[in-house]
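*Asks:* This is the structure I have questions about; it appears just below.
And the structure:
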């Protein structure tokens, strides 16, 4: 079943075209890679999907619903979560508080219930904290729950950002260069984690990444763009041996 569909999407910034006539399709529970050289338009695609930019032309569909004109919080509520190329945690909050912030959109209690500390609010808060700790345990971070997020090592901050995104219960998780700054062992662990996220949370993953070992090792379908346009799509073998990909991005051959 199709989960996300971009249909001839373009985005212009004045005289610059960052994305041009882009079409792609991500299916439910699929591990999908979006790659290309620096400046190819990958992060712009993420910003279009998540409502940070509206498309200049074309349509974006998620679960048969048009995302055109929806603000980011409505896109998140529809079932799309993301991480960022530059980590954007709430540095002054604790690790578990970062997870709880992401759960705010799922709250059913109103402001009056919160102010009155009603039994419904207390019950919901207890359930959310238990879920947050379970998420942290999946990432091996339960012992860091009360550490300040800004004090975490880089790899742990990356994992926390992914855990925070999962706290929204997404059907589509967008990961923007999650292996950036990781050492080879951390990158291998990230590959296993991405597969585990898909299997345990039953969500599709759309991955933007420059680490080709991660992309080729984990993605079932890889879509390659250059200067905002599609140059190839297929499995790892097809993309690795595609002449335009080698020339524009991989620099191998």
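Numbering (the numbering used here), first residue to last: 3 to 255.
A virtual CB, placed ideally from N, CA and C, is assigned to each residue, including glycine.
In this text, all values refer to a predicted model and were calculated from it rather than measured experimentally.
Given a threshold of 16 other Cβ atoms within 10 Å of its Cβ, counted over all protein chains shown, does residue 153 qualify as buried or as exposed?
*Replies:* Residue 153 is exposed by the Cβ-count criterion.
*Asks:* Does the segment 50 to 68 touch the segment 156 to 165, meaning 3 or more C-beta pairs lie closer than 8 Å?
*Replies:* Contact between the segment 156 to 165 and the segment 50 to 68 is absent, because fewer than three Cβ pairs lie under 8 Å.
*Asks:* Using CA atoms only, rank isn't needed, just tell me which of 30, 138 and 15 is closest to residue 46.
*Replies:* Measuring from the Cα of residue 46, the nearest candidate turns out to be 15.
*Asks:* Could you tell me how far apart the beta carbons of residue 174 and residue 53 are, in whole angstroms, since I believe they sit closer than 8 Å?
*Replies:* Actually they do not touch by this definition, with Cβ atoms about 13 Å apart.
*Asks:* Under three-state DSSP, which class holds residue 67?
*Replies:* Three-state DSSP puts residue 67 in a strand.
*Asks:* If you measure between the beta carbons of residue 44 and residue 36, is that distance less than 7 Å?
*Replies:* Cβ atoms of residue 44 and residue 36: closer than 7 Å.
*Asks:* Is residue 192 closer than 7 Å to residue 181 when the C-beta atoms are compared?
*Replies:* Yes, the pair counts as a contact, with Cβ atoms nearer than the cut-off.
*Asks:* Does DSSP put residue 61 in a helix, in a strand, or in coil?
*Replies:* Three-state result, residue 61: strand.
*Asks:* Could you please give the first and the last residue of the uninterrupted beta strand (DSSP E) stretch that includes residue 10?
*Replies:* Looking at the DSSP string, the run of the beta strand (DSSP E) that includes residue 10 is 4 to 15.
*Asks:* Should residue 63 be counted as a contact of the ligand NAD given a C-beta to heavy atom distance under 6 Å?
*Replies:* Among the ligands in the structure shown, none appear at all, so the ligand NAD cannot be discussed.
*Asks:* Should residue 218 and residue 238 be called a contact, given that it needs their Cβ atoms to be closer than 7 Å?
*Replies:* Yes, the pair counts as a contact, with Cβ atoms nearer than the cut-off.
*Asks:* Check residue 84 in the structure and name its three-state DSSP category.
*Replies:* It is a strand residue.
*Asks:* Are residue 102 and residue 151 close, meaning C-beta to C-beta below 7 Å?
*Replies:* For residue 102 and residue 151, no; Cβs fall outside 7 Å.
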